[in-house]
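Peer 1: If you count the sequence shown from 1, position 307 lands on 308 in our numbering, and the numbers rise without skipping.
By construction, the Cβ of each residue, glycine as well, lies at the ideal position given by its N, Cα and C atoms.
This is the structure I have questions about; it appears just below.
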Amino acid sequence: MLNFKGLLLAATALAGFANAAPAPTVNAKPGDVIPGRYIVSLKKDAGPRLLGTHLDWVGGIHARALGGAADVKGIERTFNGSYGFQGYAGAFDDATVKEIRNNPDVDRVEEDRVWELSWLDEQQQQQQHVEKRDEFIQQQNATWGLASVSHRAPGASDYRYHELAGEDTYAYVIDTGVRVTHEEFEGRAVHAWTAFDSNEDNVGHGTHVAGTIGGKTWGVSKKANILAVKIFNERSSTTSTILAGFDWAVNDIISKGRQKKSALNMSLGGFFSLQFNMAVERAADKDVLSIVAAGNENSNAALTSPASARSAVTVAAIDREWKRAFYSNYGSVVDIFAPGSNITSAWNTSDTAEKIISGTSMATPHVVGLALYAMSVDGVGGVKDVTDHLISVSTMDKVQDPRGTPNRIGNNNNPYQ
């Protein structure tokens, strides 16, 4: 998963402020606070007019506090989501932060933190063959992950799915970017938004995630559209950058009326953040579905965000034997398990590249694929209905060592299992 140790969300760069994503401190570790950088959220009833007035006020006290000095930038990003999350991020001196905290319009102030990618690499090759059966298709020699989400017991080697899986649906992959020219995507992937100068996936993580959602070979929903929202340029990024990508994606879904045919994939996580959870909840209030990784720390997912967000679908990982993966987080806040260890998918190094990696990052896109499958094949839409559907058709009581986690594995509910 994308391993951050602190977070929040929502944002678009304010015209006139810096557009470049802030770089993590050199040699910073996941979870480290970025000195002098903060994320501020306003109270829920704040609107665009109040936000504008508040930003003017902040700009004034920042300028007075610095006396014209330019080494502390002030406001760098604003969060003005149509789903009710209002705020901003930037660099402020201590005196300005104290005044911001005391302002009655402010709900919460959190320090910006470092995020980092985390996965386990493996090596393996597989051959594929697809065979059609009525409206359902049988993909022979599929990955064990695809086989697991279409069968009720471990050990299967084929993937059974409906031919419409993913049609007219949209996966917003909030990640490292996606190699959209990869042959797995057949022209269905686009660069949607980036926090950086380039849209390219320099890491591979986002391309791998997207391939599991909608790749022609490796994907659960093979006709899904992929929108790459790039918030990592390498293995580390910042909370405020993640916020910016999340905010853009939520607003894009709402503005285009895609709530019942789209899902956000967030293969990332970190320290518990009330602000991040609040943004996920407010997006869910507008029927935007967030599917998130439980985390790779072998600990209680309730201590992390956005895994602990009430309305998120939180995904833990199993291995090939359907045992909870040794690294996977667990607990009652987890909604569902999915395959996460030694998962083959597309990679960023060429248009035919593939790679095997592990993590709850790899489990999460299996469930995003299943959500889009439910939307396209079963006609299920909306946060509550899709969540309820994923749970109701899951494979029950087959996970070994669930460690207090609801014992269910994601499944596409095809009739040939």
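Thinking just about the alpha-carbon of each residue, which of Gly212, Arg38, Gly246, Ala190 is nearest to the one in Phe80?
Peer 2: Mapped onto the sequence shown, residue 80 falls at position 79. The alpha carbon of Phe80 has as its nearest neighbour, out of Gly212, Arg38, Gly246, Ala190, the alpha carbon of Gly246.
Peer 1: Phe93 lies in the alpha helix (DSSP H); which residues open and close that run?
Peer 2: Here residue 93 corresponds to residue number 92 of the sequence shown, with the count starting at 1. Run containing Phe93: none; DSSP gives neither H nor E here.
Peer 1: Entirely within the segment 29 to 67 and at least 3 residues each: give me those beta strand (DSSP E) ranges in chain order.
Peer 2: You should have 34 to 43.
Peer 1: Does DSSP put Ile254 in a helix, a strand or coil?
Peer 2: Mapped onto the sequence shown, residue 254 falls at position 253. Helix at Ile254.
Peer 1: Under a Cβ-count criterion, where at least 16 other Cβ atoms within 10 Å of its own Cβ denotes burial, should Gly75 be classed as buried or exposed?
Peer 2: In the sequence shown, counting from the first residue as 1, residue 75 sits at position 74. Classification of Gly75: buried, given that the 10 Å Cβ count is 16 or more.
Peer 1: Starting from the Cα of Leu445, find the closest Cα among Asn234, Val384, Ala280 and give me that residue.
Peer 2: Residue numbering for the chain in the displayed model covers 2 to 418; residue 445 lies beyond these limits and cannot be assessed.
Peer 1: Val293 and Pro307 look like a contact to me (Cβ under 8 Å); what is the Cβ gap, rounded to whole Å?
Peer 2: By 1-based counting over the sequence shown, the position of residue 293 is 292. By 1-based counting over the sequence shown, the position of residue 307 is 306. Between Pro307 and Val293 the Cβ distance is about 5 Å, and since that is below 8 Å, they are a contact.
Peer 1: Let's test the definition: count the other Cβ atoms within 10 Å of the Cβ of Arg311 and tell me whether it reaches 16, buried, or not, exposed.
Peer 2: Numbered from its first residue, the sequence shown carries residue 311 at position 310. When all chains shown are included, Arg311 counts as exposed.
Peer 1: Buried or exposed: Pro340, going by 16 or more other Cβ atoms within 10 Å of its Cβ?
Peer 2: Taking the first residue of the sequence shown as 1, we reach residue 340 at position 339. Pro340 comes out buried.
Peer 1: Taking the DSSP output, what are the residues bridged to Met267?
Peer 2: Along the sequence shown, one-based indexing puts residue 267 at 266. According to DSSP, Met267 bridges with Val293.
Peer 1: Output the distance between the C-alpha atoms of Val115 and Val150, rounded to the nearest integer angstrom.
Peer 2: Residue numbering aside, residue 115 sits at position 114 when the sequence shown is read from its first letter. Residue numbering aside, residue 150 sits at position 149 when the sequence shown is read from its first letter. Cα atoms of Val115 and Val150: separation of roughly 34 Å, rounded to the nearest angstrom.
Peer 1: Answer with buried or exposed for Thr54, where buried requires no fewer than 16 other C-beta atoms within 10 angstroms of its C-beta.
Peer 2: Position 53 of the sequence shown holds residue 54. Looking at its Cβ environment, which holds fewer than 16 other Cβ atoms inside 10 Å, Thr54 is exposed.
Peer 1: Looking only at its own chain, which residues have a Cβ that is under 6 Å from the Cβ of Ala303, when we skip the five neighbours before and after it?
Peer 2: Along the sequence shown, read from residue 1 onward, the residue named residue 303 stands at position 302. Cβ neighbours of Ala303 beyond the five flanking positions: Ser309, Gly332, Val334.
Peer 1: Take Ala193 as the anchor and find which of His183, Ala172, Arg102, Val230 has the nearest alpha-carbon.
Peer 2: Here residue 193 is taken as the residue at index 192 of the sequence shown, counted from 1. The residue with the shortest Cα to Cα distance from Ala193 is Val230.
Peer 1: Could you say which of Asn349, Gly383, Ile337, Ala326 lies nearest to Gly360 if we only look at CA atoms?
Peer 2: For the purposes of this step, residue 360 is identified with residue 359 of the sequence shown, where counting begins at 1. With distances taken between Cα atoms, Gly360 lies closest to Ala326.
Peer 1: Whole-angstrom Cβ separation of Val204 and Asn266, contact assumed at under 8 Å?
Peer 2: Position 203 of the sequence shown holds residue 204. Position 265 of the sequence shown holds residue 266. Not a contact, Cβ separation roughly 15 Å.
Peer 1: Classify Pro403 as helix, strand or coil using the three-state DSSP reduction.
Peer 2: The residue given as residue 403 occupies position 402 in the sequence shown. It is coil, neither helix nor strand.
Peer 1: Could you spell out where the beta strand (DSSP E) holding Arg161 opens and where it closes?
Peer 2: Taking the sequence shown and counting its residues from 1, the one referred to as residue 161 is at position 160. Membership of Arg161 in the beta strand (DSSP E) is indicated by the continuous run 160 to 163.
Peer 1: What are the residues that DSSP puts in a beta bridge with Lys420?
Peer 2: Here the chain comprises residues numbered 2 to 418, so residue 420 is not present and cannot be evaluated.
Peer 1: Buried or exposed for Glu235, going by 16 or more other Cβ atoms inside 10 Å?
Peer 2: Mapped onto the sequence shown, residue 235 falls at position 234. Exposed.
Peer 1: Specify whether the segment 214 to 227 and the segment 367 to 385 touch according to this definition: at least 3 beta carbon pairs, one from each stretch, less than 8 Å apart.
Peer 2: yes
Peer 1: Can you give me the C-alpha to C-alpha distance between Tyr417 and Ser83, rounded to a whole angstrom?
Peer 2: Reading the sequence shown from its first residue, position 416 is the one you call residue 417. Reading the sequence shown from its first residue, position 82 is the one you call residue 83. Rounded to whole angstroms, Tyr417 to Ser83 spans 43 Å at the Cα level.
Peer 1: List in chain order: all unbroken beta strand (DSSP E) runs of 3+ residues lying wholly within the segment 281 to 353.
Peer 2: 291 to 294, 314 to 319, 337 to 340, 344 to 347
Peer 1: Just the C-alpha distance for Glu298 and Ser329, rounded to the nearest angstrom, thanks.
Peer 2: Position 297 of the sequence shown, counted from the first residue, corresponds to residue 298. Position 328 of the sequence shown, counted from the first residue, corresponds to residue 329. Rounded to the nearest angstrom, the two C-alpha atoms are 6 Å apart.
Peer 1: What three-state label does DSSP hand Arg189 in the structure shown?
Peer 2: Locating residue 189 in the sequence shown gives position 188, counting from the first residue. DSSP places Arg189 in coil when its eight states are reduced to three.
Peer 1: Using 8 Å for Cβ pairs, my map puts Val1 next to Val387. What's the rounded Cβ distance?
Peer 2: Within the shown structure, residues of the chain are numbered from 2 to 418, placing residue 1 beyond reach of any answer.
Peer 1: Given this structure, state the Cα-to-Cα distance separating Thr406 from Ala375, to the nearest angstrom.
Peer 2: The residue you call residue 406 lines up with position 405 of the sequence shown. The residue you call residue 375 lines up with position 374 of the sequence shown. Taking the straight line joining both Cα atoms gives about 23 Å.
Peer 1: Out of Lys385, Asp398, Val221, point me to the one whose CA is closest to Ala285's CA.
Peer 2: Mapped onto the sequence shown, residue 285 falls at position 284. Residue Lys385 is the option with its Cα nearest to Ala285.
Peer 1: Nearest-angstrom Cα distance between Phe197 and Phe233?
Peer 2: Residue 197 sits at position 196 when you count from the first residue of the sequence shown. Residue 233 sits at position 232 when you count from the first residue of the sequence shown. Cα to Cα, Phe197 sits roughly 9 Å from Phe233.
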